[in-house]
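Undergrad: The working numbering puts the first residue of the sequence shown at 1, with every later residue one more than the last. All C-beta atoms, glycine included, are put in the ideal place defined by N, C-alpha and C. In this text, all values refer to a predicted model and were calculated from it rather than measured experimentally.
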Amino acid sequence: MAKQILALIILAVVLSSCASQIAPSGGEKDIVPPMPVRSSPENLSIHFEAEKINIVFDEFIQTGDFNSQVFFSPALSQRPLFRVHGKMLTITLKDTLLPKTTYTVNFGNAVKDITEGNVMINYQYVFSTGDYIDSMRIQGIVRGAEDAQPKENILAMLYNDVTDSVVIKERPSYYAHTNKAGQFEISHLKEGIYKLIALNDKNADLKYTPGEEIAFLDSSIAIRDSAGFYTLTLFKPIAEQQKVLGASSTQPGRIMIAFAKRLNALQLTPLNGLAGDAALQFSNARDTAFYYLNDVTTDSIRLQVTDGEFSDTVAVRMKLVNEKEKILLPKFTVLSASKKGRSVIQQEPDKPLLLEFSTPLLTVPDSNRLFLINDSTGSKQVVNVKVISDTATLKKRAEIRFAFAEETGYSLIIPDSVFMDVYGRYNDSTKITFTTFEKSETGNLFMKLTTDSVKNYFYELRSAAGEIISRGTLRKGLNELKFLSLRPGNYSLKLVEDMNNNGRWDTGNYLEHRQPEKIYNYAEEIVLRANWDLDVEMTVGRKIAERK
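Okay, here's the thing in structure tokens:
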């Protein structure tokens with residue numbers, strides 16, 4: 001009997017050891033990447049003569065894209081072989097190594113765990129065929145050009161070759177990824193002269209592909225010790241050539257055309273004899289055009305696209321009205337620009353009331369047909385309306401200027417058939433109710449902005465929602481600006497160094513050695529409270545805020 005029990009125990013142990021190893025179900029998701037626990041030869045070995053490198057990890061790993069992600073520095077003339085067996089990665093070297101040389105093996109995104117695909121980053125296997133390991137290092141940070149925020153998971157890359165084209169043709173000699181704070185460290189470097197860049201390597205080929213975000217220094221760097229710290233400004237370059245990226249119709253009567261570069265003087269000409277009214281609008285970046293056509297029955301349209309010297313032809317299959325599938329024209333409505341999702345419209349008493357339209361406006365309204373009622377007194381007055389067009393987007397809005405009383409309710413009466421949109425539809429009768437602020441509910445912002453005497457600058461003041469409150473060119477030296485009756489809330493301020501004096505921020509160009517225009521952000525949010533005066537002083541590179 002004892003022998004039978006012993007046999008059963010042994011059988012259970014054998015079956016247990018032969019059972020498939022699987023990740024436990026349930027519990028928190030595994031987010032920890034694999035970590036190396038030992039290697040042979042050991043990491044940081046000197047007098048290296050091995051033909052194989054074995055690295056054992058703390059968990060099972062996938063067979064990854066080792067050929068494109070793992071590289072040796074200095075580069076090997078023959079690609080090594082990679083083999084995964086459970087928790088172990090074996091690298092077989094097929095090349096003769098250089099004497100008295102420190103090699104760094106960078107693993108990129110190749111090593112992932114087998115369960116969740118968590119990626120090990122910034123691991124290096126280092127060895128030397130000589131008497132010592134090169135010990136130089138550099139550190140730095142990568143920030144965005146437009147927001148100055150640290151950028152995570154960006155490649156910081158060093159090249160022994162300092163020519164401009166090397167970043168396009170070759171993989172780097174050394175590299176590391178930035179962490180959440182945008183910081184990087186590249187270690188085990190040989191003393192020398194290097195090119196340093198940062199790259200958002202979207203296609204993971206460890207080379208610069210035009211169009212990828214890039215950062216570079218204006219000159220090469222000399223590594224003589226480990227004290228170097230570098231700040232890199234990451235920017236997205238504009239395309240070298242203008243082209244149509246895509247054209248589509250996402251709603252009846254509207255065509256959206258995306259372009260590679262900012263548009264200057266776009267002209268669209270229908271080539272299939274379309275008649276009727278049309279309206280053209282642009283995105284805020286002015287690299288996307290929206291073309292509204294009165295014709296909503298034609299199923300396909302060809303357009304001649306011209307912008308300066310650029311010319312192309314696009315064909316678009318139009319989205320047609322289909323009531324069964326609930327594909328309809330958007331309803332033509334008039335609404336207050338101040339509503340912005342609010343349940344109650346609040347209007348600054350000393351600013352015009354702005355009206356927006358759900359579809360592009362075509363006609364100029366008859367101002368004598370709009371009436372404003374004071375809800376407290378019942379008085380009714382005709383109001384004048386002026387149509388204004390945004391110079392960048394060409395979107396039209398209506399502006400009503402009136403001496404509004406403080407802390408008062410009003411009703412704007414818009415009879416039917418006052419406004420007509422591009423599709424030939426008139427508005428329904430509309431009543432817009434709103435109340436005005438009492439000035440004690442608002443705050444005043446006074447700014448002193450000081451620039452240097454040789455460069456051009458402009459400023460932008462934005463709300464917490466990103467809406468531009470004010471934007472303007474700055475004189476050289478001291479500029480005193482005041483903004484009265486602002487809504488309480490948080491605001492941001494930035495100064496832009498306008499190198500070409502075109503009134504907008506321009507990105508950089510790596511191959512032309514042109515850095516993006518510098519942006520100086522006020523170092524903290526500007527918090528404005530009701531019935532407060534806030535003084536803000538900012539000198540390029542310095543800020544002072546004082547409340548009173």
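(1) Based on Cα-Cα distance, which residue from 319, 234, 539, 283 lies nearest to residue 217?
(2) Which class does residue 456 belong to by DSSP, given the choice of helix, strand or coil?
(3) Spatial neighbours of residue 244 within its chain, please: C-beta separation below 7 Å, excluding the five flanking residues on both sides.
(4) Per DSSP, what kind of secondary structure is residue 528 in: helix, strand or coil?
(5) For a quick check, are the C-beta atoms of residue 449 and residue 486 less than 8 Å apart?
(6) Is the region 106-121 in contact with the region 58-72, if contact means three or more CB pairs nearer than 8 Å?
(7) Is it the case that the region 164-174 contacts the region 222-239, given that we only count it when at least three CB pairs across the two stretches are under 8 Å?
(8) For residue 360, is the classification buried or exposed, using 16 other Cβ atoms within 10 angstroms of its Cβ as the cut-off for buried?
(9) Can the beta-carbon of residue 419 be found closer than 8 Å to that of residue 363?
(10) If you reduce the DSSP assignment to three classes, tell me which class residue 77 lands in.
(11) By Cβ distance below 7 Å, which residues in the same chain neighbour residue 22 in space, the five residues on each side in sequence not counted?
(12) Which of the three DSSP states, helix, strand or coil, is assigned to residue 24?
(13) Leaving out the 5 sequence neighbours to the left and right, which residues in its chain are closer than 8 Å to residue 379 when beta-carbon positions are compared?
(14) Express the C-alpha separation of residue 399 and residue 351 in angstroms, rounding to a whole number.
(15) With DSSP as the reference, identify every bridge partner of residue 273, one or two as the case may be.
(16) Provide the residue(s) that pair with residue 506 in DSSP beta bridges, ordered along the chain.
(17) Considering Cα atoms alone, identify which of 179, 222, 211 is closest to residue 192.
(18) Pick out the complete beta strand (DSSP E) segments inside the region 431-501, 3 residues or longer, and give them in chain order.
(19) If we ignore side chains and look at the alpha-carbon of each, how far apart do residue 295 and residue 514 end up?
(20) Leaving out five residues on either side along the sequence, give the residues of the same chain with a beta carbon under 6 Å from the beta carbon of residue 415.
(21) When you compare only the Cα positions, how much space is there between residue 92 and residue 82?
(22) Can you have a look at residue 579 and say buried or exposed, based on whether 16 or more other CB atoms are within 10 angstroms of its CB?
(23) Please state whether DSSP places residue 154 in a helix, a strand or coil.
(24) Compare the C-alpha of residue 102 against each of 288, 532, 198, 47 and name the closest.
(25) Pop quiz: residue 461 and residue 491 are said to be a contact at Cβ under 8 Å. What is the actual Cβ separation, rounded to whole angstroms?
(26) Skipping 5 residues on each side, what residues in its chain have a beta carbon closer than 8 Å to that of residue 530?
(27) At what residues does the beta strand (DSSP E) containing residue 336 begin and finish?
(28) Check whether the Cβ atoms of residue 74 and residue 98 sit closer than 8 Å, and answer yes or no.
(29) Looking only at its own chain, which residues have a Cβ that is under 7 Å from the Cβ of residue 425, when we skip the five neighbours before and after it?
(30) Considering only C-alpha positions, which residue in the set 114, 231, 317, 384 is nearest to residue 142?
(31) Extract the residue ranges of the beta strand (DSSP E) inside the region 279-306, only unbroken runs of 3 or more that lie entirely within it.
(32) Between 434, 84, 90, which lies nearest to residue 337 when the distance is taken from Cα to Cα?
(33) Please classify residue 385: is it buried, with 16 or more other beta-carbons within 10 angstroms of its beta-carbon, or exposed?
(34) Please classify residue 144 as buried or exposed, where buried requires at least 16 neighbouring CB atoms within 10 angstroms.
(35) Going by other Cβ atoms of all chains shown within 10 Å of its Cβ, with 16 needed for buried, is residue 538 buried or exposed?
(36) Tell me whether the beta-carbon of residue 129 lies closer than 8 Å to the beta-carbon of residue 94.
TA: Based on what the coordinates show:
(1) 234
(2) Secondary structure of residue 456 (DSSP, three-state): coil.
(3) 257, 259, 305, 312, 314
(4) strand
(5) no
(6) Flag = yes, the region 106-121 and the region 58-72 touch.
(7) no
(8) buried
(9) yes
(10) coil
(11) Low confidence applies here, because residue 22 scores a pLDDT of 44, under 50, leaving its location unreliable and the question unanswered by this model.
(12) Its pLDDT being 47, under 50, residue 24 is placed unreliably in this model, and the value from its coordinates should be taken loosely. Looking at residue 24 - three-state DSSP - the assignment turns out to be coil, as it is neither helix nor strand.
(13) 373
(14) 10 Å
(15) Answer is none; residue 273 lacks a bridge partner.
(16) Beta-bridge pairing links residue 506 to no other residue.
(17) 222
(18) 443-450, 457-463, 468-474, 478-486, 489-497
(19) 45 Å
(20) 369, 429
(21) 7 Å
(22) Because the chain in this structure spans residues 1 to 548, residue 579 falls outside the shown range and cannot be described.
(23) coil
(24) 47
(25) Indeed they touch by this definition, with Cβ atoms about 6 Å apart.
(26) 440, 441, 442, 443, 488
(27) 334-336
(28) Contact: yes.
(29) 332
(30) Comparing Cα-Cα distances from residue 142 to each of 114, 231, 317, 384, the minimum goes to 231.
(31) 288-293
(32) Measuring C-alpha to C-alpha distances from residue 337 to each of 434, 84, 90 identifies 434 as the nearest.
(33) buried
(34) buried
(35) buried
(36) no
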